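Read through the structure below, which is laid out as structure tokens, and then see the notes.
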Amino acid sequence: MRTRWLAGEAAPTPAGGLATWGAPVLVAIGVRIAGLGREPMWLDEILTWQFTGGTLDHLLRAVARDVHPPLYFLGVWLWRRLFGVTGAGLRGYGVIWSAVAVVALMLLIRELGAARRVALVAGFLLALSPLDIYYAQEARPYVQAGALAVVSTWLLAAWWRRRSAARSWPWLAAYSVTVAA
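Counting with my numbering, you get residues 4 to 184 for the letters of the sequence shown.
So, in structure tokens, the structure goes:
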């Protein structure tokens, strides 16, 4: 009986309504926003702030000399233009990536054939993970890297399940892009 609970319905689609699937995401966003600007910015976050404060040309020259992948800094540069330059505003970018990780984890678990409730429990566990909350509240690329790892794993699993189908190549292409990011 326990195996049946874990395996459950094998369809990877997130059926059950937007409210059900949105709950872990809303919890994740809520607990990450709480106290987002409470702590002062630390040195590495100030470097992110400096990297993303100038023109796009300035940013591209800076990331060309840096060891970090440029996607994070390009995203934060755009984020700052949309949502401002406060510490909390800068850290909000990580909150979004953390929510992406929650969604991707639930999709991955469904793709692997587990029941909806297993995916929901996993979504809530990640939403309430102290480590993920901590890194989502920093203006650094860690949570984006984690989210992209989960997204790429989901895309790889989706491609693997469909690899013999004629239209499986978009899954592989999307996987390749997320791994390269």
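Virtual Cβ for every residue (Gly too), placed ideally from N, Cα, C. Since we're looking at a predicted model, the values are computed, not measured.
* Just the C-alpha distance for Ala-65 and Gln-53, rounded to the nearest angstrom, thanks. => So the two alpha carbons sit approximately 10 Å from each other.
* Asked: Using CA coordinates, which residue listed in Val-106, Thr-58, Arg-68, Val-98 is at the minimum distance from Val-154?
  -> Among Val-106, Thr-58, Arg-68, Val-98, the Cα nearest to that of Val-154 belongs to Val-106.
* Asked: Taking buried to mean at least 16 other C-beta atoms within 10 Å of its own C-beta, is Ala-31 buried or exposed?
  -> Ala-31 comes out buried.
* **C-beta contact flag for Gly-97 and Ala-150 at 7 Å** => No, the Cβ-Cβ distance between Gly-97 and Ala-150 is not below 7 Å.
* Asked: Going by the CB atoms, is the gap between Trp-82 and Leu-62 shorter than 7 Å?
  -> Not closer than 7 Å, so no.
* Does the region 118-126 come close enough to the region 170-178 to have 3 or more Cβ pairs within less than 8 Å? -> Three or more Cβ pairs closer than 8 Å define a contact, and the region 118-126 falls short of that threshold against the region 170-178.
* How many Å lie between Met-44 and Tyr-145 at the Cα? -> Looking at the two C-alpha atoms, the distance is approximately 16 Å.
* **Pro-73 versus Arg-143, Trp-162, Leu-111, residue with shortest Cα-Cα distance** => Answer by Cα proximity: Arg-143.
* Asked: Under the rule that 16 or more other beta-carbon atoms within 10 Å means buried, what is Asp-135, buried or exposed?
  -> Label assigned to Asp-135: buried.
* To do: Within its chain, find whatever has a CB closer than 7 Å to the CB of Tyr-178; leave out the 5 residues flanking it on each side and keep chain order.
  => The beta carbon of Tyr-178 lies closer than 7 Å to those of Ser-155, Leu-158, Leu-159, Trp-162 in the same chain, with the five residues before and after it left out.
* Asked: In or out: Thr-51 buried (at least 16 other Cβ within 10 Å) or exposed?
  -> Looking at its Cβ environment, which holds 16 or more other Cβ atoms inside 10 Å, Thr-51 is buried.
* Asked: Which residues in the same chain have their Cβ closer than 8 Å to the Cβ of Glu-114, if we skip the five residues on either side of it in sequence?
  -> Pro-15, Trp-157, Ala-160, Ala-161, Arg-164.
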